[in-house]
Amino acid sequence: GAGVSQSPSNKVTEKGKDVELRCDPISGHTALYWYRQSLGQGLEFLIYFQGNSAPDKSGLPSDRFSAERTGGSVSTLTIQRTQQEDSAVYLCASSIGGAQYFGPGTRLLVL
Amino acid sequence: AQSVTQLDSQVPVFEEAPVELRCNYSSSVSVYLFWYVQYPNQGLQLLLKYLSGSTLVKGINGFEAEFNKSQTSFHLRKPSVHISDTAEYFCAVIIQGAQKLVFGQGTRLTINP
Chain X
1 GAGVSQSPSN KVTEKGKDVE LRCDPISGHT ALYWYRQSLG QGLEFLIYFQ
51 GNSAPDKSGL PSDRFSAERT GGSVSTLTIQ RTQQEDSAVY LCASSIGGAQ
101 YFGPGTRLLV L
Chain A
112 AQSVTQLDSQ VPVFEEAPVE LRCNYSSSVS VYLFWYVQYP NQGLQLLLKY
162 LSGSTLVKGI NGFEAEFNKS QTSFHLRKPS VHISDTAEYF CAVIIQGAQK
212 LVFGQGTRLT INP
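Here the protein sequences come in this chain order: X and A.
Just so you know, we're using our numbering here: the first sequence kicks off at 1 and counts up by one.
Just so you know, we're using our numbering here: the second sequence kicks off at 112 and counts up by one.
Right, dumping it as structure tokens:
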């Protein structure tokens, strides 16, 4: 079946611009997660959505980062006023109890 | 807070040799344990998971791992590796009651012919 999909696969932006990253989870999965993978910090948790509950935003590194999940399915991660240190691969995962299944990621480069 | 330590950043082995990738965790409460593999320019693929039950867990591609509670370890093993196993491997935990994965720093497995 279809896995987690993310778009775009690559994004190059200029410092100070806003970017939006999209995640389509596996159909029927109630939980959705965003992680960031960078050379210096490894894999870090950003935010978690479960059904209609308030999201766990404890991993967001600054108030420039936000995410929403519409209709319990698609999620968008928004980074405002991007900085060079935001350059990383942003990974989305979904689950329905137990293991998390990851998408291919969006590689973000901030120039 | 819980943490995950992968003791080797790089492991080179010859094709058809056995391999063990080591993972230790620290947590004062029960955990769920996972191994993921990442091939170049791809996302993370689940290899295997331990949630409960038998401490020996079998996964995809011939990998297995053993949960050792007394040593707080979850080492990954394969009896005979192939060139196609060249990738980065991540150990991760979720503490019971929480949801986020906490990852180790990864081990790069290189298979030499």
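Backbone N, C-alpha and C fix where the C-beta goes; we use that ideal spot for every residue, glycine too.
Neighbour flag for residue i against chain A, beta carbons, 9 Å
i: SER58(X); result: yes
i: GLY28(X); result: no
i: GLY98(X); result: yes
i: LEU91(X); result: yes
i: VAL4(X); result: yes
Partner residues on chain X for residue i, Cβ-Cβ distance less than 7 Å
i: PHE214(A); result: GLY42 and LEU43
i: LYS160(A); result: GLY98 and ALA99
Contact with chain X by residue i, beta-carbon distance below 9 Å
i: PHE178(A); result: no
i: LEU220(A); result: no
Helix, strand or coil at residue i [DSSP, three-state]
i: GLY16(X); result: coil
i: ASN172(A); result: helix
i: ASP24(X); result: strand
i: ASP119(A); result: coil
Under 7 Å by beta carbon: chain A residues contacting residue i
i: PHE102(X); result: GLY154 and LEU155
i: GLY105(X); result: GLY154
Neighbour list for residue i in chain A, Cβ cutoff strictly below 8 Å
i: ALA31(X); result: GLN210
Contact list for residue i against chain X, beta-carbon separation under 8 Å
i: GLY173(A); result: In chain order: nothing, as chain X lies at least about 19 Å away.
Chain-ordered chain X contacts of residue i [CB-CB under 9 Å]
i: GLY217(A); result: GLY42 and LEU43
For this session: Pull out every residue of the segment 78-89 of chain X whose Cβ sits closer than 8 Å to any Cβ of chain A, in chain order.
Result: Those would be none; no residue qualifies.
Exercise. The segment 135-146 of chain A: which residues have C-beta closer than 7 Å to a C-beta of chain X, in chain order?
Worked result: Those residues of the segment 135-146 of chain A placed with their C-beta closer than 7 Å to a C-beta in chain X are PHE145, ordered along the chain.
Exercise. Just by C-beta distance, which residues in the segment 183-204 of chain A are closer than 9 Å to chain X?
Worked result: For chain X, the residues of the segment 183-204 of chain A that bring a beta carbon within less than 9 Å of one of its beta carbons are PHE201 and ALA203, in chain order.
Problem set entry | Whole runs of the beta strand (DSSP E) within the segment 63-102 of chain X, excluding any shorter than 3 residues | Segments of the beta strand (DSSP E) lying fully in the segment 63-102 of chain X: 65-69, 75-79 and 88-95.
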